[in-house]
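Visitor: Residue numbering for the sequence shown follows full-length UniProt numbering, beginning at 1 and increasing consecutively.
Don't be surprised by glycine CBs; every beta carbon is placed ideally from N, CA and C.
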Amino acid sequence: MTVFAPEVVEAVLHHMNDDHIDDNLLIVRAFAGRDPESARMIDLDHRGGTWRYTVAGEEAELHLPWSQELSERPQLRREIVALYDAACGKLGVEPRPHD
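(1) Give a yes or no on whether the C-beta atoms belonging to residue 12 and residue 64 are separated by under 8 Å.
(2) Which of the three DSSP states, helix, strand or coil, is assigned to residue 20?
(3) Does the Cβ-Cβ distance between residue 88 and residue 26 come in under 8 Å?
(4) CA-CA distance, residue 16 and residue 74?
(5) From residue 56 to residue 31, what does the alpha carbon distance come to, in whole angstroms?
(6) In chain order, what are the residue ranges of uninterrupted alpha helix (DSSP H) at least 4 long that sit wholly in the UniProt domain "DUF2470" (12-83)?
(7) Straight-line CA distance for residue 91 to residue 43?
(8) Quick check: the Cα distance between residue 84 and residue 50, rounded to an integer number of angstroms?
(9) Going by alpha carbons, who is nearest to residue 94 out of 7, 10, 23?
(10) Taking only three categories from DSSP, how would you classify residue 85?
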């Protein structure tokens with residue numbers, strides 16, 4: 001089992017919640033089937049990521065598994081991008097290019 005260092009988890013969460021607010025909303029909308037007012041990625045590990053979101057003032061959580069168990073930090077970005085792309089596909093939204 002791979003445990004990502006707390007500073008790695010914090011850096012990814014910070015990036016997602018500061019730079020990709022709309023992506024969090026899109027992922028929750030696609031995979032929870034709800035239309036959230038807000039959504040934040042709150043945790044991740046080698047198996048998946050967890051988002052907390054609010055709909056009509058009620059909080060809920062969504063846990064999504066990665067496509068495989070992860071062992072290295074660069075895999076986190078690939079998995080989150082894959083979730084974003086899958087969410088776009090599910091919702092019929094044109095994904096933005098990835099650098």
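Guide: If we stick to the structure as given:
(1) At a Cβ-Cβ threshold of 8 Å, residue 12 and residue 64 do not count as neighbours.
(2) Secondary structure of residue 20 (DSSP, three-state): coil.
(3) The Cβ atoms of residue 88 and residue 26 sit closer than 8 Å to each other.
(4) Looking at the two C-alpha atoms, the distance is approximately 15 Å.
(5) Distance between the alpha carbons of residue 56 and residue 31: 18 Å.
(6) The qualifying runs are 21-32.
(7) Taking the straight line joining both Cα atoms gives about 24 Å.
(8) Roughly 14 Å between the two C-alpha positions.
(9) Nearest option by C-alpha distance: 23.
(10) Look at residue 85 here: in three-state DSSP terms it is helix.
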